[in-house]
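Novice: First to last, the sequence lines map onto chains A, B and C.
Those letters in the first sequence? Residues 1 to 247, per this note's numbering, in order.
Those letters in the second sequence? Residues 248 to 558, per this note's numbering, in order.
Those letters in the third sequence? Residues 559 to 846, per this note's numbering, in order.
Glycine residues also receive a C-beta, built at the ideal position from the N, C-alpha and C atoms.
Note that this is a predicted model, so its numbers are computed, not measured.
Below you will find the structure I want to go over with you.
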Amino acid sequence: MTPHALEIINLHKAFGGLSVTQNVNLAIRPGERRLIIGPNGAGKTTLFNQISGDMRPNSGQISLFGTDVTQFAPYKRAHFGLSRTYQIITLFTGDTLEHNVTLGLLGLRSSRWQMWRPLSFYGDLTAEAHRTLDAVGLLHLAAHPVSDIAYGEKRRVELAMALAQKPRVLLLDEPLAGLSNTERSQVKSLIASIPRETTVIMIEHDMDTALDLAETVTLLNYGRVIVDGDRDSVIADERTREVYLGV
Amino acid sequence: MKWIAATPLVALLLLLPFFAGDFYVNLASQILIAAIFALSLNLLVGYGGMTSLGHASYLGVGAYISALLTSRYGFGHGPAAIISITGTIAMAAFFGVIALRATGLGFLMITLALSQVLWGLAYRMSNVTNGDNGIAGLTRPMPFGISLDSAASFYRFALLVAAVAFLMMAIFVSSSFGSSLKGVRDQPRRMAALGFNPWMIRWITFIYAGFWGGVSGLLYVYYNKYIHPTSLSITSSAEALLGVIAGGSGTLGGPVVGAALVLLLKNYASAYLERWNMLLGLVFLFIVLMMPTGIVPGLARLMTRLRRGLR
Amino acid sequence: MQFWIIQGLNSLSLGGLLFLLSSGFSLIFGLMRLANLTHGAFFMLGTYFGATALRAFDGLNIWVTALGAGIAVAAIGGLFERLVLTRLKTNPLGQVLVTLGMSFIISDACLMLWGGDSIPVPTPQNLQSPTRVFGFVFPTYRLVLVGCAIGAAIALYFLLERTRLGAMIRAGVDDRQMARAVGIPVSNLFTVVFCLGAGIAGAGGVLGGPILSAYPGLDADMLPLALIVVILGGIGSLLGAFIGSFIIGLIYTFGTALFPELAYIILFLPMIFVIAFRPQGLFGRVGA
Numbered sequence: 001m002t003p004h005a006l007e008i009i010n011l012h013k014a015f016g017g018l019s020v021t022q023n024v025n026l027a028i029r030p031g032e033r034r035l036i037i038g039p040n041g042a043g044k045t046t047l048f049n050q051i052s053g054d055m056r057p058n059s060g061q062i063s064l065f066g067t068d069v070t071q072f073a074p075y076k077r078a079h080f081g082l083s084r085t086y087q088i089i090t091l092f093t094g095d096t097l098e099h100n101v102t103l104g105l106l107g108l109r110s111s112r113w114q115m116w117r118p119l120s121f122y123g124d125l126t127a128e129a130h131r132t133l134d135a136v137g138l139l140h141l142a143a144h145p146v147s148d149i150a151y152g153e154k155r156r157v158e159l160a161m162a163l164a165q166k167p168r169v170l171l172l173d174e175p176l177a178g179l180s181n182t183e184r185s186q187v188k189s190l191i192a193s194i195p196r197e198t199t200v201i202m203i204e205h206d207m208d209t210a211l212d213l214a215e216t217v218t219l220l221n222y223g224r225v226i227v228d229g230d231r232d233s234v235i236a237d238e239r240t241r242e243v244y245l246g247v
Numbered sequence: 248m249k250w251i252a253a254t255p256l257v258a259l260l261l262l263l264p265f266f267a268g269d270f271y272v273n274l275a276s277q278i279l280i281a282a283i284f285a286l287s288l289n290l291l292v293g294y295g296g297m298t299s300l301g302h303a304s305y306l307g308v309g310a311y312i313s314a315l316l317t318s319r320y321g322f323g324h325g326p327a328a329i330i331s332i333t334g335t336i337a338m339a340a341f342f343g344v345i346a347l348r349a350t351g352l353g354f355l356m357i358t359l360a361l362s363q364v365l366w367g368l369a370y371r372m373s374n375v376t377n378g379d380n381g382i383a384g385l386t387r388p389m390p391f392g393i394s395l396d397s398a399a400s401f402y403r404f405a406l407l408v409a410a411v412a413f414l415m416m417a418i419f420v421s422s423s424f425g426s427s428l429k430g431v432r433d434q435p436r437r438m439a440a441l442g443f444n445p446w447m448i449r450w451i452t453f454i455y456a457g458f459w460g461g462v463s464g465l466l467y468v469y470y471n472k473y474i475h476p477t478s479l480s481i482t483s484s485a486e487a488l489l490g491v492i493a494g495g496s497g498t499l500g501g502p503v504v505g506a507a508l509v510l511l512l513k514n515y516a517s518a519y520l521e522r523w524n525m526l527l528g529l530v531f532l533f534i535v536l537m538m539p540t541g542i543v544p545g546l547a548r549l550m551t552r553l554r555r556g557l558r
Numbered sequence: 559m560q561f562w563i564i565q566g567l568n569s570l571s572l573g574g575l576l577f578l579l580s581s582g583f584s585l586i587f588g589l590m591r592l593a594n595l596t597h598g599a600f601f602m603l604g605t606y607f608g609a610t611a612l613r614a615f616d617g618l619n620i621w622v623t624a625l626g627a628g629i630a631v632a633a634i635g636g637l638f639e640r641l642v643l644t645r646l647k648t649n650p651l652g653q654v655l656v657t658l659g660m661s662f663i664i665s666d667a668c669l670m671l672w673g674g675d676s677i678p679v680p681t682p683q684n685l686q687s688p689t690r691v692f693g694f695v696f697p698t699y700r701l702v703l704v705g706c707a708i709g710a711a712i713a714l715y716f717l718l719e720r721t722r723l724g725a726m727i728r729a730g731v732d733d734r735q736m737a738r739a740v741g742i743p744v745s746n747l748f749t750v751v752f753c754l755g756a757g758i759a760g761a762g763g764v765l766g767g768p769i770l771s772a773y774p775g776l777d778a779d780m781l782p783l784a785l786i787v788v789i790l791g792g793i794g795s796l797l798g799a800f801i802g803s804f805i806i807g808l809i810y811t812f813g814t815a816l817f818p819e820l821a822y823i824i825l826f827l828p829m830i831f832v833i834a835f836r837p838q839g840l841f842g843r844v845g846a
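Spelled out as structure tokens, the structure:
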């Protein structure tokens, strides 16, 4: 039996008296498109932070493709095929798009430890970066600094950087936030075109767009998993209505 | 464009001993030593985003080890230099592990505390370091049998070392490691998520900066033929930091200009004023308040504006 | 036995002085997130003021002098905060650098005004005769210093825990943005806290005079001790500063008495230990 792409067992995280993640169990199969929803403060980003390693849980286990990564530092999880985007833009604003994506590609190469050859020496990296930018339709802006481009374009660069490393598991934290309608459909088709080799887990508030992309849905509230299953049954579930409408 | 500007400067540097008197040649040697020291600090401050107030530790330790080994234990300059550099690197590795437990202000405080501890040791352990008297009567090395006692010959030696230092640091900051260092400076969480190990990148840089600090320490003790605990003091670290910030920490040229300025100011001021420290403090206040990004970027902006204006 | 008791008392009095020095530093760091490198110089300024005043006016009350010097140093600190530090709100590194610059200015000014020789400060006459307890003889002044530190600690505790000002300060330490959002005048608070911290340091300097003497370099001797106390005790914690001061006082006094050359390394060790195993210090609420 192939191991789950991401498996979370009894995850628990508390800040003093406040529990932000309570007994969360998740099992996500390779290639799945999972949407995590829940009201503000439900603990979605906190969950992501624990999956990526930015935050340590108090107890519980996180496994990637059968390997226990709970104690791994974030950079180590990246080497295990994990990639993520953030709610706020965390690009290198003073640098060009090309430099941003090239740096993103460098992270998993041993050449990142090279102390005498300039980055431009690695022609294959630059070519790969150009291909990546082309795939998100931003090749024409490659030489522009990130500070010059529009917000929607920055989101696409973020996505490009996350995808460039061909991750096995991709965490998208509100990828559609703050985008105009045109930008939203651009990013949406990008996400839809992600190959099956990458398992996609997404946090989103924009239900209409996100539900189109999701196959399975997990509903979180107060740090707990309330409903978990395929999209249609979760939408139809009473508890979902309760959480969102208070009915 | 940059190379055209650099050629007369390079010519000036190479030919200096032929048209300038000993006083100016010696001043130039001191500037070169201060420049290497400031450049090494800038690896941490400008490129690594780690502001240290304890960088004088490496200059001081490098100098003291060489001084002690050559004057008291009869070591030759070659072996003494090797041991000194090795010792400085080891100390940087050790201090780095401690200091990198924190970032930002915590890092600053820890580097300051560590360097003050060393300074205190240099003062107190008088039977080893000679305390407040310092260690005098030292000699300069004779690489390949060439004497460095004259101002001109020492200057050429310092120039060679400085050129190598500058070149190696330039290669370092534009290398892929250098790019990852700058990335960690700007977005450490993003870099970690991309697969870079921020702690390791910072620690390696810390050690490399310590290495060049030690090299400048060797040049310092060779030039002065004397070493005193003041070289380990906060003032020494602060002067280097001022040079980096005044010149502009984001570039390679900045710290060199800044270090030169601080040294010239110090020499000029000490001829007329006794209160160098007060002047240093006032200059600090002035630069931080009026020119926070430094002189070199300020000049570069001015040049761009002039060029646009001329069109 | 006498040795241990004397050194024990010396540790306590040094601890007391360190508390007067570092409580201000910890408050300033906790609220303003500023490592005030001028703090040693504020202390030294107090010592010099005290030295001049006590030597010039025979029989001048040391408490009055401490209060006066505290106010003077607080005023200097306040001017500096208003004129320089507030302009650098967006540049935390710059703030640290100007406090360093200010410390140079103050220490050189002291050198200019008082010269390079160490100036001993007379112990107040009514506290000169030694106290006899259980057959042991103690220098009274040192006992009094410990009392001072305890008194200051209690006063500061009441200020922070029982007054509105204290509540505002604590709110600011915990969450500056939130404090501003609920209407706390954070920028004025900064000035008040900076003056308070500087003032306590200045007063502490006067009180430390009879034991330390006023000499150039006193600031450079005291500042790292304040740093180590705050790193050990935890930033923003009064209790941490209190306990940390006495631990460091103990280590430094016994270290210097037993292993004079290695006193600095011995100080170093608890700091490494804390940083390695508990970076927020013993009682810290704010990470370094």
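What separation, rounded to the nearest whole angstrom, lies between the Cα atoms of A:I37 and A:L11?
Specialist: Here residue 37 of chain A refers to the residue found at position 37 of the first sequence. Here residue 11 of chain A refers to the residue found at position 11 of the first sequence. If I take the Cα positions, the gap works out to 17 Å.
Novice: Hey, is the region 220-231 of chain A in contact with the region 12-27 of chain A, meaning 3+ C-beta pairs nearer than 8 Å?
Specialist: Taking 8 Å as the limit for Cβ pairs, the verdict is that the region 12-27 of chain A does touch the region 220-231 of chain A.
Novice: Please tell me whether B:G556 has its Cβ less than 8 Å away from any Cβ of chain A.
Specialist: Along the second sequence, read from residue 1 onward, the residue named residue 556 of chain B stands at position 309. Output row for B:G556: interface = no.
Novice: Quick one: is the Cβ of C:G794 within less than 7 Å of any heavy atom of the ligand SAM?
Specialist: Looking at this structure, you won't find the ligand SAM or any other ligand, since it has none at all.
Novice: Which residue from C:A633, C:R690, C:V740, C:G659 puts its Cα closest to that of B:G528?
Specialist: By 1-based counting over the second sequence, the position of residue 528 of chain B is 281. Considering only alpha carbons, the answer is C:G659.
Novice: A:H140: buried (16+ other C-beta within 10 angstroms of its C-beta) or exposed?
Specialist: Walking along the first sequence from the start, residue 140 of chain A turns up at place 140. With fewer than 16 Cβ atoms within 10 Å of its Cβ, A:H140 is classed as exposed.
Novice: Report the neighbours of B:A410 on chain A: residues whose CB is nearer than 8 Å to its CB, in chain order.
Specialist: One-based indexing of the second sequence puts residue 410 of chain B at position 163. Here the premise fails: no neighbours, minimum Cβ distance about 17 Å.
Novice: CA-CA distance, A:Q87 and B:K429?
Specialist: Residue mapping note: residue 87 of chain A aligns to position 87 of the first sequence, counting from 1. Residue mapping note: residue 429 of chain B aligns to position 182 of the second sequence, counting from 1. C-alpha separation (whole angstroms): 22 Å.
Novice: Is the beta carbon of C:M590 less than 8 Å from the beta carbon of C:F841?
Specialist: Taking the third sequence and counting its residues from 1, one reaches residue 590 of chain C at position 32. Taking the third sequence and counting its residues from 1, one reaches residue 841 of chain C at position 283. Cβ distance not < 8 Å, so C:M590 and C:F841 don't count as in contact.
Novice: Would you say A:A78 faces chain B, with C-beta separation under 8 Å as the test?
Specialist: Your numbering for residue 78 of chain A matches position 78 in the first sequence. Output row for A:A78: interface = yes.
Novice: Under 9 Å Cβ-Cβ, which residues of chain B neighbour C:E639?
Specialist: Walking along the third sequence from the start, residue 639 of chain C turns up at place 81. Per Cβ cutoff of 9 Å: no residues; C:E639 is ~13 Å from chain B at best.
Novice: Against chain C, does B:F531 count as a neighbour if the rule is that its beta carbon must be under 8 Å from one of theirs?
Specialist: Here the question's residue 531 of chain B lines up with position 284 in the second sequence. It does: the Cβ of B:F531 has a partner Cβ on chain C nearer than 8 Å.
Novice: Residues of chain A with CB closer than 9 Å to the CB of B:I418, please, in chain order.
Specialist: Counting from one through the second sequence, the residue named residue 418 of chain B turns up at place 171. Ordered by position in chain A, the residues that pass the 9 Å Cβ test against B:I418 are M115, W116, R117, P118.
Novice: With C:I677 and C:A609 assumed to form a contact (beta carbons below 8 Å), what rounded beta-carbon distance in angstroms separates them?
Specialist: Position 119 of the third sequence, counted from the first residue, corresponds to residue 677 of chain C. Position 51 of the third sequence, counted from the first residue, corresponds to residue 609 of chain C. That pair is a contact at about 5 Å.
Novice: To which residues of the same chain is B:M248 closer than 6 Å at the C-beta, ignoring the five residues directly before and after it?
Specialist: Here residue 248 of chain B corresponds to residue number 1 of the second sequence, with the count starting at 1. Legend: pLDDT at B:M248 = 46, less than 50; position of this residue unreliable, no value from coordinates given.
Novice: Does A:T90 come within less than 8 Å of chain B when only Cβ atoms are used?
Specialist: Here residue 90 of chain A corresponds to residue number 90 of the first sequence, with the count starting at 1. Chain B contact via Cβ: present.
Novice: With a threshold of 8 Å on Cβ separation, who are the neighbours of C:L618 within its own chain once the five nearest residues in sequence on each side are excluded?
Specialist: Here residue 618 of chain C is taken as the residue at index 60 of the third sequence, counted from 1. Closer than 8 Å at the Cβ level, and outside the excluded window around C:L618, lie A611, L612.
Novice: Below 8 Å on the Cβ atoms is my guess for B:F424 versus B:A339; work out the distance and round it to an integer in Å.
Specialist: Taking the first residue of the second sequence as position 1, residue 424 of chain B is located at position 177. Taking the first residue of the second sequence as position 1, residue 339 of chain B is located at position 92. Not really, about 17 Å apart at Cβ, beyond 8 Å.
Novice: Rounded to whole angstroms, what's the CA-CA distance from C:L827 to C:L820? Just pull it up for me.
Specialist: Numbered from 1 along the third sequence, position 269 holds the residue referred to as residue 827 of chain C. Numbered from 1 along the third sequence, position 262 holds the residue referred to as residue 820 of chain C. Going from the Cα of C:L827 to the Cα of C:L820 covers about 11 Å.
Novice: Helix, strand or coil, according to DSSP, for A:N100 in the structure here?
Specialist: Position 100 of the first sequence, counted from the start, is the residue given in the question as residue 100 of chain A. It is helical.
Novice: Taking only three categories from DSSP, how would you classify C:A834?
Specialist: Along the third sequence, read from residue 1 onward, the residue named residue 834 of chain C stands at position 276. C:A834 falls in the helix class under three-state DSSP.
Novice: What residue does the beta strand (DSSP E) around A:N221 start on, and which one ends it?
Specialist: One-based indexing of the first sequence puts residue 221 of chain A at position 221. Here the beta strand (DSSP E) through A:N221 covers 216-221.
Novice: Measuring CB atoms only, is the region 429-444 of chain B touching the region 301-313 of chain B, in the sense that at least three cross pairs come out at less than 8 Å?
Specialist: They do not touch, by the three-pair rule.
Novice: Could you tell me which residues DSSP pairs with A:K154 in its beta bridges?
Specialist: Position 154 of the first sequence, counted from the start, is the residue given in the question as residue 154 of chain A. DSSP, once it has assigned bridges, lists no residue as partnering A:K154.
Novice: So, at 6 Å on beta carbons, what are the nonlocal neighbours of C:G845 in its own chain, with the 5 sequence-adjacent residues on each side left out?
Specialist: Taking the third sequence and counting its residues from 1, one reaches residue 845 of chain C at position 287. Unreliable positioning characterises C:G845 in this predicted model, as indicated by a pLDDT of 43, which lies under 50. A coordinate reading is not provided.
Novice: At a Cβ threshold of 8 Å, is A:R156 touching chain B?
Specialist: Reading the first sequence from its first residue, position 156 is the one you call residue 156 of chain A. No, A:R156 lies away from the interface with chain B (no Cβ there is under 8 Å from its Cβ).
Novice: Which residue comes first and which comes last in the beta strand (DSSP E) that contains A:D173?
Specialist: Walking along the first sequence from the start, residue 173 of chain A turns up at place 173. Where A:D173 is concerned, the enclosing beta strand (DSSP E) stretches over 169-173.
Novice: Hey, would you say B:V491 sits closer than 8 Å to B:V543, going by beta carbons?
Specialist: Working through the second sequence from its first residue, we reach residue 491 of chain B at position 244. Working through the second sequence from its first residue, we reach residue 543 of chain B at position 296. No, Cβ-Cβ distance for B:V491 and B:V543 is not below 8 Å.
Novice: Any contact between the region 406-424 of chain B and the region 273-286 of chain B? By contact I mean 3 or more CB pairs, one from each, below 8 Å.
Specialist: Contact holds: three or more Cβ-Cβ distances are below 8 Å.
Novice: If the cut-off is 8 Å on Cβ atoms, which residues from the region 432-449 of chain B count as contacting chain A, listed in chain order?
Specialist: Listed in sequence order: D433, Q434, R436, R437, M438, A439, A440, L441, G442, F443, N444, P445.
Novice: Answer with yes or no whether the minimum CB distance from B:F458 to chain A is below 8 Å.
Specialist: Position 211 of the second sequence holds residue 458 of chain B. It does not; no Cβ of chain A falls within 8 Å.
Novice: With a threshold of 16 other CB atoms inside 10 Å of the CB of C:Q683, please say whether the residue is buried or exposed.
Specialist: Here the question's residue 683 of chain C lines up with position 125 in the third sequence. Counting Cβ neighbours within 10 Å, C:Q683 comes out exposed, since fewer than 16 surround it.
Novice: Would the beta-carbon of A:V146 fall within 8 Å of that of A:F92?
Specialist: Along the first sequence, one-based indexing puts residue 146 of chain A at 146. Along the first sequence, one-based indexing puts residue 92 of chain A at 92. Contact: yes.
Novice: If you compare alpha carbons, which of C:Q560, C:W562, C:S571 is closest to C:P768?
Specialist: Sequence index remark: in the third sequence, residue 768 of chain C carries index 210 (1-based). Here the closest residue by C-alpha is C:S571.
Novice: For a test of the three-state rule: what should DSSP assign to A:V247, helix, strand or coil?
Specialist: Taking the first residue of the first sequence as position 1, residue 247 of chain A is located at position 247. Because A:V247 sits at a pLDDT of 49, beneath the cut-off of 50, its placement in the model cannot be relied upon, and the point is left open.
Novice: Can you confirm whether B:F424, when its beta carbon is compared against all beta carbons of chain A, has any partner nearer than 8 Å?
Specialist: Residue mapping note: residue 424 of chain B aligns to position 177 of the second sequence, counting from 1. Yes, because at least one Cβ of chain A sits closer than 8 Å to the Cβ of B:F424.
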